[in-house]
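Remarks on the structure that follows.
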Amino acid sequence: MKSFLGENISQDSLVTLFSQAPVAMSLLMGDDLIIQNANPQMLELWGRDASVIGQPIFDVLPEIQSQGFIEILNNVYRKGEVFNGNKWPVFLEKYGEYAEHFFNFIYAPIYNDQRQVVGVSIVATEITDQVISERKLKESEYRFEDLIQKSEYSIAIYRSEDLYIELANEPMLKTWGKNASVIGMKLEDALPELEGQPFIGLLRDIFKTGKTYTATEDRADLVVDGKLQTFYYNFSYKPLKNSDGEVYAIHNVAVDVTDLVRARTKIQESEKKYRDLADSMPQFVWTSDKDGSISYMNDSWYKYSGFDKNEDLSESLKKIIKPEIYDHVKRIWQESVKTGKPFEVEYEFSDPRNPGGYRWFLGRAIPAYDEDKSIKQWIGTFTDIDDFKQLQAQKDHFLGIASHELKTPLTSLKLYTQFIEMNLQKQGDLKNAEVAKRMDAQIDRLTELVNDLLDVTKIQNGKIQLNESYFDFDQLIDEVIKEQQMTSRHKIIANRSCIGEIYADRHRISQVMSNLISNAIKYSPDADEVLVSAKEENNTISFSVKDFGIGIPSDKQAKVFEQYYRVSGSKEHTFPGLGLGLYISSEIIKRTGGRIYVHSTEGKGSDFCFEIPKNKNINNHA
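Each residue of the sequence shown is one higher than the one before, counting from 16 in the working numbering.
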């Protein structure tokens, strides 16, 4: 062979053949594996130019040393072993970019006349694009099948006109009342009960027409749990086509709407019964469309109002609501319609039995949703609460009178108690003097409760007044903390910046501070400290009291500022009070032009804060 090559093929011809080969080729010679030759395809594969010829391979491609190629080439060069790499991953730095590539290649030993290995020949083909395409295809197929298997919808794929079940996820098998053993069977064999029903024919027609078929609430009779049952489905048959546009399979998606169909049927059957029930109720029952236009009122409404049933309901409602509050009620109703939040408002309707008079009603409404979770209508009531409002007004009037009348005897009782305590101390009867002192403390608590009731009465009657003036905010904090510290074992820690003078009601702001600090102490019985902080930013004063106590559940935090509301729970009996302090504090801060709020985590404590303007004139000017 050597003689034949030497005598019949010139060296130039071999070089030409080598350089023009359609695959990447190279020769590595000697112990250092010097690149003796590399055709353009190999240079392109390496991302190098012809200047690398004559250099050791690992100097040219240092990045491959750590990828096992030292061992591979040593085995070829030292042991004469041929190495085949198939879809072999290699990280190469080509044109300044370090990336993974894939190759099919052969490393073969080169022998001299003495059958000694003197080098290594390389023949390689880059198949990176092919491997990446295969990966993407495989990943796409996996994702597609995984998506089907994990879908909550019933999905199946039928192949060929014989409708072989190629794939069916668990919901579809459950829909059929079958197990995975039916996969691979013909659909008509797996579900023989489909005979006489249109589904097999519809599927076969799609192989001819290539058009998608969809149905809504179609009836299907299937054998489930051993008996033939009727179901209703929304489903689609979608053709899957190859590159030539030919249908090779059908993708079936189905949603069981049996319960929905049966429920709607029951609703339709019982609609008159429920309407009769609504007409018999003393409350005014009504409905509106999703946009808030009233569409129905029960008979009680017409009996009360005297309106004709042909009148526009929204217009008749406008006529009967007290004119000065109509716009306010309308804004609240529009906000509920916009957000979907329940509607609840107290307002007055004109009283047909008392010309010129009004009665209080509580209006409530909640949205009703369709199967798509969209609001289809609102269902509401108007409940006569006029008697309750009158009783509430009488109660508030009584509390106001009672609280006012209690103040005088309480003041006298406190003076008598202090007089008794002082005389007992002079007589050396310290034990009874201590009892008198405790009586005095209880009188103080009772006085606080009476003052709270008076404040609530003033708030509800709009008579609470703010005596505003300039005062030193920092000094007020120090006074309140000092006063609270005298009766508390908790350490009250202040962390504040210098705020200086502000314009507000000093007494009322002091009342709010005291309430927040005393609450923090009361509701953190197992803690040792309470943190008080204050700061000023953009003419706004922020005051905060943080405790490490029982905290407030997130669903109850919005209610803590309501009248008579108290934090409920297993520890309720250990925290006395009427639930008025935060309500009064909230009203004071609102009237000061600020806001009050809370951040809390149940079991970890609460952070009550209020913000008020430092100087109202600046805020109003801004």
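A virtual CB, placed ideally from N, CA and C, is assigned to each residue, including glycine.
Where residue i falls, given that 16 or more other Cβ within 10 Å makes a residue buried
{"i": "K226", "result": "exposed"}
{"i": "S585", "result": "Low confidence applies to S585: its pLDDT is 47, below 50, so where it sits in the model is not reliable enough to give any reading."}
{"i": "G134", "result": "buried"}
{"i": "Q499", "result": "buried"}
{"i": "H588", "result": "Low local confidence applies: a pLDDT of 40 at H588 is under 50, so the model's placement there is unreliable, with the coordinate-based value given in what follows. The residue is exposed, with fewer than 16 neighbouring Cβ atoms inside 10 Å."}
{"i": "A235", "result": "buried"}
{"i": "E602", "result": "buried"}
{"i": "K629", "result": "buried"}
{"i": "S196", "result": "exposed"}
{"i": "Y248", "result": "buried"}
{"i": "H505", "result": "buried"}
{"i": "F84", "result": "buried"}
{"i": "P186", "result": "buried"}
{"i": "V105", "result": "buried"}
{"i": "A655", "result": "In the structure displayed, the chain extends from 16 to 637; residue 655 sits before or after that span and is not available."}
{"i": "L60", "result": "buried"}
{"i": "K193", "result": "buried"}
Proximal residues to residue i (C-beta, below 6 Å), its chain only, five neighbours per side dropped
{"i": "F120", "result": "G100, A139"}
{"i": "I163", "result": "I170, N184"}
{"i": "L107", "result": "H116"}
{"i": "K109", "result": "G62"}
{"i": "S351", "result": "F358"}
{"i": "K561", "result": "L546, D622"}
{"i": "G250", "result": "The question names Gly, but residue 250 is Phe in the sequence shown. Hits under 6 Å: A230, A269."}
{"i": "E267", "result": "Looking at the sequence itself, residue 267 is Asn, so the reference to Glu does not match. The residues are A171, Y252."}
Cutoff 8 Å; reference residue i; Cβ partners in own chain excluding five residues on either side
{"i": "I567", "result": "V575, V582, V613, S615, E617, S621"}
{"i": "E516", "result": "Y485, F486, D487, F488"}
{"i": "I496", "result": "I507, A509, I532, V547"}
{"i": "L243", "result": "E208, D236, L237"}
{"i": "C513", "result": "D489"}
{"i": "E494", "result": "S525"}
{"i": "L255", "result": "I172, V262, Y263, A264, I265, H266"}
Span of the alpha helix (DSSP H), counted from its first residue to its last, around residue i
{"i": "T354", "result": "338 to 354"}
{"i": "I198", "result": "No alpha helix (DSSP H) contains I198, which DSSP labels as neither H nor E."}
{"i": "I481", "result": "Before going further, note that residue 481 is Leu rather than Ile in the sequence given. Premise fails: L481 is in no alpha helix (DSSP H) and is neither H nor E."}
{"i": "Y173", "result": "Not the alpha helix (DSSP H): Y173 falls in the beta strand (DSSP E), residues 169 to 174."}
{"i": "P213", "result": "Neither: P213 is in no alpha helix (DSSP H) and is coded neither H nor E."}
{"i": "F299", "result": "From DSSP, F299 is part of no alpha helix (DSSP H) but of the beta strand (DSSP E) over 299 to 304."}
{"i": "S6", "result": "The requested residue 6 does not occur in the structure, where the chain is confined to residues 16 to 637."}
{"i": "I496", "result": "488 to 500"}
Residue i - containing beta strand (DSSP E), residue span
{"i": "K102", "result": "98 to 109"}
{"i": "D641", "result": "Beyond the ends of the chain as shown, which are 16 and 637, falls residue 641; an answer cannot be given."}
{"i": "A519", "result": "516 to 519"}
{"i": "P186", "result": "No beta strand (DSSP E) holds P186; the alpha helix (DSSP H) holding it covers 185 to 191."}
{"i": "R606", "result": "Segment 596 to 606 is the alpha helix (DSSP H) holding R606; no beta strand (DSSP E) there."}
{"i": "F623", "result": "620 to 628"}
{"i": "S310", "result": "309 to 312"}
{"i": "H505", "result": "Taken as a continuous stretch (DSSP letters only), H505 belongs to no beta strand (DSSP E), as it is neither H nor E."}
{"i": "Y538", "result": "Counting along the chain, Y538 falls outside any beta strand (DSSP E), and DSSP gives it neither H nor E."}
{"i": "L546", "result": "544 to 552"}
{"i": "N267", "result": "262 to 271"}
{"i": "E577", "result": "Careful: E577 lies outside any beta strand (DSSP E) and carries neither H nor E."}
{"i": "I567", "result": "Where I567 is concerned, there is no enclosing beta strand (DSSP E), given that its DSSP letter is neither H nor E."}
Sequence-distant residues of the same chain with beta carbon closer than 7 Å to residue i, five excluded per side
{"i": "I335", "result": "S320, F364, S365"}
{"i": "K429", "result": "D455, I458"}
{"i": "F246", "result": "A235, L237, D271, T273"}
{"i": "A519", "result": "E483, T607, I627"}
{"i": "S548", "result": "N510, R511, S559"}
{"i": "V146", "result": "K102, F117"}
{"i": "I50", "result": "S41, L43, V67, I68, G69, Q70, I72, V75"}
{"i": "I524", "result": "L491"}
{"i": "F322", "result": "S331"}
{"i": "S308", "result": "S329"}
{"i": "Y311", "result": "W301, T302"}
Cβ separation of residue i and residue j, assumed to be a contact under 8 Å, to the nearest whole Å
{"i": "I435", "j": "V527", "result": "I435 to V527, Cβ: 34 Å. No contact."}
{"i": "G596", "j": "N554", "result": "Not really, about 28 Å apart at Cβ, beyond 8 Å."}
{"i": "Y252", "j": "L202", "result": "Y252 to L202, Cβ: 11 Å. No contact."}
{"i": "L397", "j": "G378", "result": "The sequence shown places Phe at residue 397, not Leu. The Cβ separation is near 5 Å, so the contact holds."}
{"i": "A380", "j": "K391", "result": "Not quite, the Cβ-Cβ distance comes to about 14 Å (not below 8 Å), so this is no contact."}
{"i": "C624", "j": "S557", "result": "6 Å"}
Closer than 7 Å: residue i CB and nearest the ligand FMN heavy atom
{"i": "L595", "result": "Summarising the ligand content, the structure contains no ligands, and the ligand FMN is consequently not present."}
Residue i at chain D interface by Cβ criterion, 8 Å
{"i": "D327", "result": "Absent from the structure is chain D; it holds one protein chain and no more."}
- [ ] Quick one: which unbroken beta strand (DSSP E) runs of 3-plus residues sit fully inside the stretch 364 to 388? Chain order, please.
- [x] 373 to 384
TODO: Please specify which runs of the alpha helix (DSSP H), each continuous and at least 4 residues long, are wholly inside the stretch 45 to 127, giving them in chain order.
DONE: 55 to 61, 72 to 75, 84 to 94
Open item on the list: Give the list of continuous alpha helix (DSSP H) stretches no shorter than 4 residues that lie fully inside the stretch 212 to 249.
Closed with: 214 to 224
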